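This report concerns only the one structure given below.
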Amino acid sequence: MTEGREEQVLDGTGVTPLSGVGAAVRYDPDAGLSLPEPPDPETVAAERERTADRAGEEEAEIFDAHRQFLDDPEIAGRVEEAVREGLPAEHAVDRAFAGAIDQFEAAGGLMAERTDDLREVRDRLLRHLLDREAADLSALPAGSVVVAPRLGPADTAQLDPDSVAGFVTATGGRTSHAAIMARSLGIPAVVSVGDAVASIPDGVAVAVDGDAGEVVVRPSEQRRAAARGGRAVPVRHEPVETADGRAVEVAANVGTPAEARGAVEQGADGVGLFRMEFFFLDRESPPSEDEQYEAFVEVLDRFDGGRVVVRTLDVGGDKPIPYLDVAAGANPFLGVRGVRLSPGERADLFETQVRALLRAAATDAGDGLAVMFPLVSTVGDLTAAVDRVEAVADALDDEGVAYRMPELGAMVETPASAFLARELAERVDFLSIGTNDLTQYVMAAARDDDRLADYHDPRHPAVLRAIDRTVRAGHEGGAWVGMCGEMAGDPDLAELLVGLGLDELSMSAVTIPEVKAAVAATDARQAETLAERALAAETLAEVEAVLADGGDEE
Ligand code: PEP
Ligand code: MG
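Here my numbering is used: the first residue of the sequence shown is 1268, the next is one more, and so on.
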């Protein structure tokens, strides 16, 4: 079925507005992980001993990773049960994860998208137990299109955006971690293509249209040219202003120094959100102070004085870190996450980050460094974090270590922080609105629950009014106000956001050229009229109508 020479078009879900063409490189994360036959009943006793021997160290790791990943004691319980039954550790892991994966798949929607993360943790454990090396995805030949049943975030993080022309997976969804990483790395990607992925032979030409969600195997010359054609909007490397001269900073959301390089190529003025979670993900213990310092310095050097906003670790909620012992609570989104973790049991994590940040701020390109705290909901959350940064500065001073105090900011992601925007702004240099969380909390609709997709639209009047309030109160309190949620990267909303008065918009690097073009084409006064009309709307449909009119009509 795949031997023909004609084009074969496969449909999936596009996750990046980019196209690429290249040669298929098949990658199977399961390769080499087939398990030996389970023991027959007579050898169970011997196996039990073998397991007990090995279990000491390995169990600790297995159970750590499991319990902490998704905070699901059920998986650990299942492994324990299987080990007690006499199954070797690798079979116990395989069985326990199979149960969890089935449950996630049955739940459907965004839960089903998380199964790739689960499989990745399972495979890492199995590789460890079976002593197998993982394939190296970091040095693929230029022009490779990775074709895989699935990719986890750690797999995706290895891909070099300079050499990879795209990736295609059978599973996954728009909000899976691999998709988020593809967007920030600027890699054309189509996920959820289904079993047809298995029919793409190694080495065959593949065109990936991450916008249309289309994969073309053996594309025609015409299609190849279109896929290579790149974007219609030219990259602007200089800062932009509106047609009537209001400066709006257009920055990138990044997760690694490699992504920062991609962001410079897309014309980012700086970094508006350095998500450190990804930096903590692809490993088994937290990065050391020096490793973090090196990463911050690398990003600062790339932007050479441009602003780089680093968010302190935002673990918890939808971002569990397997090896960190953070109990999720009954409702992880309303639990110990973001800045709430900083003074708690894992205060050490916060201190290490801040030491690395303050040291990085003292380097040549360190002037641009800014630090913000996630999920602030009380003035006390913010003052405690600021006090702790000052305490770290004092400690560095005592040690004679060079440091500099960066700009400090609070993220506005909760209704509480939107209501307190003025009081927060008075205590810091800037506010940054995280519309992904702000929308979920204003609308009381978990961001990973697909059934509530209609509530997740940040254009809902309630969310727009929370944003408006934040910008006004933030300015009154003397802070500049930016936005780093997904909303900021929608070129169709740029005029509205300018009209709402945002000073900075930060987004996945791939949409920067479009947003810069949209800002440059905006008249700020006209945009204010558009914003006023949108704020007067009572329903999402009315907001949509206002945006469709473009604010021209009275
Ligand atoms: C947000 O909540 O809008 C945000 C930028 O943070 P994250 O998506 O990482 O939670
Ligand atoms: Mg958030």
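Note that beta-carbon positions come from the ideal geometry of N, C-alpha and C, so glycine has one too. Given the structure is predicted, the values throughout are model-derived calculations rather than measurements.
Secondary structure at Arg1578, three-state DSSP: helix, strand or coil? strand
Opening and closing residue of the beta strand (DSSP E) in which Arg1293 lies: 1286-1293
Spatial neighbours of Glu1809 in its chain, beta-carbon cut-off 6 Å, leaving aside the 5 residues before and after: none
Taking C-alpha atoms, which residue in Phe1541, Ala1677, Tyr1670, Trp1747 lies nearest to Leu1625? Tyr1670
Does the Cβ-Cβ distance between Val1350 and Arg1389 come in under 8 Å? no
Kindly list the residues whose CB is nearer than 6 Å to the CB of Gly1248, restricted to its own chain and excluding five residues on each side of it in sequence; keep chain order. Outside the shown range of the chain (1268 to 1821) lies residue 1248, about which nothing can therefore be said.
CA-CA distance, Ala1437 and Gly1279? 8 Å
Under the three-state DSSP convention, the category Gly1756 falls into: helix
Which of the three DSSP states is assigned to Gln1508 in this structure? Sequence check: residue 1508 is Glu here, not Gln. Glu1508: strand per DSSP, three-state reduction.
The ligand MG heavy atoms versus the CB of Glu1387: any closer than 7 Å? no
In angstroms, rounded to a whole number, what distance separates the CA positions of Leu1285 and Arg1491? 13 Å
Residues passing the C-beta test against the ligand PEP heavy atoms, cut-off 6 Å: Leu1540, Arg1542, Asp1581, Glu1680, Gly1701, Thr1702, Asn1703, Asp1704, Cys1751, Gly1752
Rank Val1346, Ala1367, Gly1366 by C-alpha distance to the C-alpha of Glu1357 and give the top, closest one. Val1346
Leaving out five residues before and five after Phe1546 in sequence, what residues of the same chain have Cβ atoms less than 8 Å from its Cβ? Gly1522, Thr1523, Pro1554, Gln1559, Ala1562
If you reduce the DSSP assignment to three classes, tell me which class Asn1703 lands in. helix
Let me check understanding here. Comparing Cα to Cα, which of Val1577, Glu1348, Arg1293, Ala1794 lies closest to Gly1433? Arg1293
Assuming Leu1452 contacts Pro1428 under a Cβ cut-off of 8 Å, what Cβ separation, rounded to an integer in Å, is found between them? 5 Å
On a CA-only basis, which of Met1672, Met1448, Gly1344 is nearest Val1656? Give me that one, please. Met1672
Using the Cα positions of Arg1826 and Asp1759, report the straight-line distance between them to the nearest angstrom. Because the chain in this structure spans residues 1268 to 1821, residue 1826 falls outside the shown range and cannot be described.
Under three-state DSSP, which class holds Glu1273? coil
My parser needs the alpha helix (DSSP H) runs of 4 or more residues fully inside the stretch 1661-1731; what are they? 1682-1686, 1688-1692, 1702-1709
Does the ligand MG have a heavy atom nearer than 7 Å to the CB of Pro1641? yes
Going by DSSP, name the residue or residues bridged to Val1638. Val1577, Leu1675
What does Met1774 pair with, by DSSP beta-bridge criteria? Ala1519
Roughly how many angstroms separate the alpha carbons of Phe1617 and Gly1676, rounded to a whole number? 15 Å
By the three-class DSSP mapping on this structure, what secondary structure does Gly1647 have? helix
Does DSSP classify Thr1796 as helix, strand or coil? helix
If I follow the unbroken alpha helix (DSSP H) through Asp1427, where does it start and stop? It is not in any alpha helix (DSSP H) - Asp1427 carries neither H nor E in the DSSP assignment.
Beta carbon of Glu1556, beta carbon of Thr1619: below 8 Å? yes
Which of the three DSSP states is assigned to Met1543 in this structure? coil
Excluding the 5 residues flanking Asp1634 on each side, which residues of the same chain have their C-beta closer than 7 Å to its C-beta? Gly1572
Within a Cβ cutoff of 6 Å, which residues of the same chain sit near Gln1275, ignoring the five residues on either side of it in sequence? Val1484
With DSSP as the reference, identify every bridge partner of Asp1278, one or two as the case may be. Glu1481
For the stretch 1751-1765 against the stretch 1696-1703, do three or more pairs of beta-carbon atoms, one drawn from each stretch, fall closer than 8 Å, so that the two count as touching? yes
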